[in-house]
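Peer 1:
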Amino acid sequence: MPSFGLSGSSFMCTQFLKSIEGKVMVLLRDGRTLIGVLRSVDQFANLVLDRTTERIHVGKQFGDIYRGIFVVRGENVVVVGLIDEMREGTVGLQEVSVEEILEAQRQVQEARHQQEQLRVKAMKERGLTYTADLGPDDMY
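Under our numbering, the residues of the sequence shown are numbered 1 to 140, in order.
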C-alpha cells in the first residue's frame, strides 16, 4: 500500500475535502439514508448537507422526501460516499411516490413487529426471556 505521508485521520480529512460541493450519500446510525450536496465537514465528521433528500428503500422501490439543509453530527454517521452522478439512475430501483413508499415501509415495520411478537411468545412458552427491540445505539 503506498504511503501518502499523512496519518489516517489527516488522509480521511483530505478525502472529505475533495468531496466538498459533491453529491454524497450518508447512512446514519438510525438506519436513515440522506442524499445531498456536501457543504461542510469538520474533524469530527460533522456534516452540513444542502438540497438534502431522505431516501426510503423498501425492496426494489424507493421514495425521496425533500429535507433541505441538514446538519448531521459525526457520531451519527456510519458511511459517507460520493455519488457518481453519471451512474446514479442505473441502480435498478423503481421510484415511487412518497405516500406509496411510506405505506410500504409501514407494512414492513408492522410485519417485523408481528414476527417479534411471535418470537417473544415462543420464547416465553419455553421459559426464556427475549429482548425484542434493539436501540439505535445497538444497530452498529
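Quick reminder that beta carbons are idealized off the backbone N, C-alpha and C, glycines included.
(1) Would you kindly work out how many angstroms separate the C-alpha atoms of His113 and Gly22, rounded to a whole number?
(2) Please name the residue or residues paired with Phe44 in a DSSP beta bridge.
(3) From the DSSP output, which residues share a beta bridge with His113?
(4) With a 10 Å radius around its C-beta and 16 neighbouring C-beta atoms as the bar for buried, classify Gly68 as buried or exposed.
(5) Which residues does DSSP pair with Asp84 in a beta bridge?
Peer 2: In brief:
(1) The residue given as residue 113 occupies position 113 in the sequence shown. The residue given as residue 22 occupies position 22 in the sequence shown. If I take the Cα positions, the gap works out to 38 Å.
(2) Within the sequence shown, residue 44 is the residue found at index 44, counting from 1. Phe44 pairs with nothing; no bridge assigned.
(3) Looking up residue 113 in the sequence shown gives position 113. Looking at the DSSP assignment, His113 forms no beta bridge with any residue, so it has no partner.
(4) As a position in the sequence shown, residue 68 is number 68, starting the count at 1. Looking at its Cβ environment, which holds fewer than 16 other Cβ atoms inside 10 Å, Gly68 is exposed.
(5) Walking along the sequence shown from the start, residue 84 turns up at place 84. DSSP, once it has assigned bridges, lists no residue as partnering Asp84.
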